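Chemist: The listed protein sequences derive, respectively, from chains A and B.
Basically my numbering = 1-based index in the first sequence + 2.
Basically my numbering = 1-based index in the second sequence + 122.
Glycine is no exception: its CB is placed at the ideal position from the N, C-alpha and C atoms.
Note that the coordinates shown come from a computational prediction; the quantities given were computed from them, not determined experimentally.
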Amino acid sequence: MSNTKPDTNDAPLKQTPLAALHQELGARMVPFTGYNMPVQYQGIIAEHTHTRTQAGLFDVSHMGQAILHGPDIEKALETLVPGDIAGLAEGRVRYTLLTNDAGGVLDDLMVTRHEDHLFLIVNAACKDADFAHISAQLGKAYTLEIKADLALLALQGPAAVTVLSRLAPEAAQMSFMSAQTLVLGGIECDVTRSGYTGEDGFEISVSASRVERLARRLLDEPEVAPIGLGARDSLRLEAGLCLYGSDIDTVTTPIEAGLNWTISKRRRTEGGFPGADIILQQLAEGPQRKRVGLKPEGKAPARAHTEITDSAGKKIGEVTSGGFGPSVGGPVAMGYVETAHAKPGTPVNFQVRGKALPGEVVALPFVPHQYFK
Amino acid sequence: MAELKFTEEHEWVRVEGTTATVGISDFAQEQLGDVVFIELPDVGKALKKGDEGAVVESVKAASEVFSPVNGEITEVNEALNDEPGLVNSDPMGNGWFFKITIADAADLDGMMDEAAYKAFAEG
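1) Given a cut-off of 8 Å on the beta-carbon distance, is the pair L169 (chain A) and H119 (chain A) in contact?
2) Kindly provide the ranges of any beta strand (DSSP E) runs that are 3 or more residues long and lie completely inside the region 224-255 of chain A, ordered along the chain.
3) Which first and last residues belong to the beta strand (DSSP E) in which S137 (chain A) is found?
4) Express the C-alpha separation of I46 (chain A) and L154 (chain B) in angstroms, rounding to a whole number.
5) Going by beta-carbon coordinates alone, are M39 (chain A) and L231 (chain A) separated by less than 8 Å?
6) Determine whether the Cβ of R305 (chain A) lies closer than 8 Å to any Cβ atom of chain B.
7) Using the Cα positions of N203 (chain B) and S323 (chain A), report the straight-line distance between them to the nearest angstrom.
8) Do N192 (chain B) and A225 (chain B) come within 8 Å of each other at the CB atom, strictly closer than that value?
9) Report back the beta-carbon spacing between S196 (chain A) and V62 (chain A) to the nearest angstrom; my notes put them in contact at under 8 Å.
10) Spatial neighbours of L208 (chain B) within its chain, please: CB distance less than 7 Å, with the 5 preceding and 5 following residues excluded, ordered by chain position.
11) With DSSP as the reference, label N216 (chain B) as helix, strand or coil.
12) Hey, could you find the ends of the alpha helix (DSSP H) E236 (chain B) is sitting in?
13) Per DSSP, S207 (chain A) is paired with what?
14) Given R355 (chain A), which residues of its chain have a CB within under 8 Å of its CB, disregarding the five upstream and five downstream residues?
15) Could you work out which residue in A:D103, A:S207, A:I281 is closest to I123 (chain A) when comparing CA atoms only?
16) What is the rounded straight-line gap between the Cα of Q17 (chain A) and the Cα of Y37 (chain A)?
17) Curious, which full-length beta strand (DSSP E) runs of at least 3 residues does the region 254-325 of chain A contain?
18) For the putative contact between R293 (chain A) and E258 (chain A), defined by C-beta atoms under 8 Å, what is the C-beta separation to the nearest angstrom?
19) Report the option in A:P367, A:A126, A:P84 whose CA atom is closest to the CA atom of F34 (chain A).
20) Ignoring anything shorter than 3 residues or poking outside the region 335-375 of chain A, list the beta strand (DSSP E) runs there in chain order.
21) Quick one, which residues of the region 183-200 of chain B are near chain A if we go by CB-CB under 9 Å, in chain order?
22) DSSP on K221 (chain B), reduced to helix/strand/coil?
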């Protein structure tokens with residue numbers, strides 16, 4: 003049988019501050035973007051279902067966290083992202099993109115507005131490049147303070163709010179995409195009501211020296227189970243959320259990816275971000291290809307890089323994320339197809355191991371978002 | 123009497139006369155995690171030793187199951203179409219994949235017995 007051995011790499015793997023806890027919880031660890039990370043504990047399907055029905059705790063401490071200071075900081079960051087940062091009120095969080103001059107995406111990130119600074123959370127695989135890019139582009143007047151001393155937890159699922167408000171009642175009043183400092187079990191944390199599963203939930207930025215104590219405190223709650231990266235991927239795929247490096251990258255534009263909603267009316271009018279000419283032209287004229295949801299008809303998953311063909315056998319696109327959706331109970335995928343084939347209901351074929359497997363374009367998400375309103 | 127052998131690719135082979143029943147080991151199913159789909163070969167298909175016999179899809183990835191011998195597929199485990207999780211719950215029993223004729227018993231030479239495989243998988 004193939005693929006039974008984990009990938010090996012010469013570089014030593016970095017650990018998150020929860021490495022010992024993962025081991026104690028019986029996690030299977032795998033190399034992921036240079037870190038030794040838990041892919042599963044009890045099993046991906048059980049963890050996925052637990053998160054959709056109760057609350058899952060994820061260690062996402064490999065992600066990059068940084069504080070950005072400097073004069074007129076919102077306007078400065080707007081020179082690098084198409085999101086409306088100037089319009090972001092204090093205590094609010096926004097999802098945006100670092101773009102390049104070709105209109106491609108260097109990374110996707112979360113930006114929180116604080117009184118005198120912005121707080122950024124970027125992808126683990128991109129963090130070194132992102133931070134170098136931001137520092138170089140903004141120049142010496144701006145300081146990017148990389149917070150390697152911070153860990154990051156995500157508590158996701160319908161019971162997340164019940165659990166967190168047991169530790170800090172204010173959690174229940176937080177609105178979706180808001181940020182607040184909460185004291186959880188005696189530990190001061192920067193909490194946002196956000197996540198990457200499609201469920202209600204929170205992301206908790208906490209000192210690396212205290213994260214294990216907090217994680218144990220949260221795991222003591224009856225609703226909470228530890229969840230690995232395997233279920234994190236199946237949850238976000240069902241929620242139709244992009245994975246950087248798979249669904250978006252330097253050669254996909256925000257418009258092709260269907261992330262038009264991340265560009266406000268003012269930014270569309272004013273431009274002033276890398277690749278604005280290309281991105282705004284695509285916004286006006288429509289892109290040549292679009293990211294879509296894809297549903298294989300049978301039980302066989304269509305994985306990333308599977309070729310998508312039309313009924314005549316002509317290639318019309320490629321799957322960028324695909325696998326089994328435990329809540330859907332069958333295979334789910336997303337990918338890019340030529341715009342003419344992007345309408346939900348359009349029949350397509352997936353070329354899997356030399357066979358054309360039928361399926362169709364579907365609307366995203368596969369599982370409705372349950373964000374707190 | 124049936125004889126149980128293992129390959130370095132974490133497959134088990136139960137030899138009964140000139141037929142081999144093939145599955146994956148408990149170690150392999152645990153490494154794969156939740157199995158969600160199995161592509162079985164067609165009955166009557168001729169395979170060479172090392173050819174792809176089946177494909178097992180877990181939530182995370184697709185893995186090939188190789189034929190341990192030269193031969194012809196005589197039977198496949200249709201139960202896996204409805205219940206792929208049998209590979210996880212009963213990998214050495216009801217989670218078998220396919221049966222294949224053994225054209226040349228010498229193909230089985232060099233495979234491990236259960237004790238040797240256990241040492242190999244744990245190593």
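Modeler: Let's see:
1) Translated into the one-based positions of the first sequence, residue 169 (chain A) becomes position 167. Translated into the one-based positions of the first sequence, residue 119 (chain A) becomes position 117. Against a cut-off of 8 Å, the Cβ pair of H119 (chain A) and L169 (chain A) comes out as no contact.
2) For the region 224-255 of chain A, whole beta strand (DSSP E) runs of length 3 or above, ordered along the chain, are 226-228.
3) Residue mapping note: residue 137 (chain A) aligns to position 135 of the first sequence, counting from 1. Note, S137 (chain A): premise wrong, no beta strand (DSSP E); alpha helix (DSSP H) at 129-140.
4) Within the second sequence, numbered from 1, the residue matching residue 154 (chain B) stands at position 32. Within the first sequence, numbered from 1, the residue matching residue 46 (chain A) stands at position 44. A straight-line Cα-Cα distance of about 10 Å links L154 (chain B) and I46 (chain A).
5) Indexing the first sequence from 1 puts residue 39 (chain A) at position 37. Indexing the first sequence from 1 puts residue 231 (chain A) at position 229. The answer is yes: Cβ separation under 8 Å.
6) Within the first sequence, numbered from 1, the residue matching residue 305 (chain A) stands at position 303. Closer than 8 Å: yes.
7) Taking the second sequence and counting its residues from 1, one reaches residue 203 (chain B) at position 81. Taking the first sequence and counting its residues from 1, one reaches residue 323 (chain A) at position 321. The alpha-carbon of N203 (chain B) is positioned some 24 Å away from that of S323 (chain A).
8) The residue labelled residue 225 (chain B) in the question sits at position 103 within the second sequence. The residue labelled residue 192 (chain B) in the question sits at position 70 within the second sequence. With respect to the 8 Å criterion, A225 (chain B) and N192 (chain B) are classified as neighbours on the basis of their beta carbons.
9) Translated into the one-based positions of the first sequence, residue 196 (chain A) becomes position 194. Translated into the one-based positions of the first sequence, residue 62 (chain A) becomes position 60. The beta-carbon distance between S196 (chain A) and V62 (chain A), rounded to whole angstroms, is 12 Å. This is too long to meet the 8 Å contact definition.
10) Position 86 of the second sequence, counted from the start, is the residue given in the question as residue 208 (chain B). If you ignore the 5 residues before and after L208 (chain B), its C-beta comes within less than 7 Å of the C-beta of A201, L202, N216, G217, all in its own chain and listed in chain order.
11) Position 94 of the second sequence, counted from the start, is the residue given in the question as residue 216 (chain B). Three-state result, N216 (chain B): coil.
12) Residue mapping note: residue 236 (chain B) aligns to position 114 of the second sequence, counting from 1. Element bounds for E236 (chain B): 236-244.
13) On the first sequence, position 205 is the one that residue 207 (chain A) refers to. According to DSSP, which records beta bridges pairwise, S207 (chain A) is partnered with A:L154, A:D192.
14) The residue labelled residue 355 (chain A) in the question sits at position 353 within the first sequence. No residues qualify anywhere along the chain.
15) Here residue 123 (chain A) refers to the residue found at position 121 when the first sequence is read from its first residue. Closest in C-alpha terms to I123 (chain A), from the list A:D103, A:S207, A:I281, comes A:S207.
16) Here residue 17 (chain A) refers to the residue found at position 15 when the first sequence is read from its first residue. Here residue 37 (chain A) refers to the residue found at position 35 when the first sequence is read from its first residue. Straight-line Cα distance between these residues: approximately 6 Å.
17) Runs of the beta strand (DSSP E) inside the region 254-325 of chain A: 291-298, 309-311.
18) Locating residue 293 (chain A) in the first sequence gives position 291, counting from the first residue. Locating residue 258 (chain A) in the first sequence gives position 256, counting from the first residue. That belief holds up - the Cβ atoms of R293 (chain A) and E258 (chain A) are roughly 6 Å apart, short of 8 Å.
19) Walking along the first sequence from the start, residue 34 (chain A) turns up at place 32. For the residues A:P367, A:A126, A:P84, the minimum Cα distance to F34 (chain A) belongs to A:A126.
20) Within the region 335-375 of chain A, the complete beta strand (DSSP E) segments at least 3 residues long are 349-354, 357-364, listed from N- to C-terminus.
21) Residues of the region 183-200 of chain B with a C-beta atom less than 9 Å from some C-beta of chain A are A183, A184, S185, E186, V187, F188, listed in chain order.
22) By 1-based counting over the second sequence, the position of residue 221 (chain B) is 99. DSSP places K221 (chain B) in strand when its eight states are reduced to three.
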